[in-house]
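In my numbering, the protein residues as written are 264 to 335.
We put the beta carbon where it would ideally sit given N, CA and C, even for glycine.
Just so we're clear, the structure is a prediction, and the values are computed from it rather than from any experiment.
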Amino acid sequence: MRERQTNTHSQPGDRCPLCAAENRCAIAAGQPAESCWCQRVAISAQALAALPEGEEMTRCLCPDCAGVTEGL
């Protein structure tokens, strides 16, 4: 019997890994990484620490979960 593989990403790339809201990710929209809002702002260490294990650097948080209100 083969072991079933599971996908660690429960939501698509355009969804926040914390709340599943739209994350406004440029990469997920097919745009260059440098055009993503997350490249122009400082995201708190606390917000990054809340990411599920294995989700680091895989999908953008949404601006609300990232604690970003300026620079979007």
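Query	Result
In this structure, does DSSP put E285 in helix, strand or coil?	strand
For a quick check, are the C-beta atoms of E285 and C325 less than 8 Å apart?	yes
Apart from the five residues on each side of it in sequence, which residues of its chain come closer than 8 Å, Cβ to Cβ, to A313?	L281, C328
Measure the alpha-carbon distance for T321 versus P315 and round it to whole angstroms.	11 Å
Please return the same chain residues whose Cβ sits closer than 7 Å to the Cβ of T332, not counting the five positions on each side in sequence.	none
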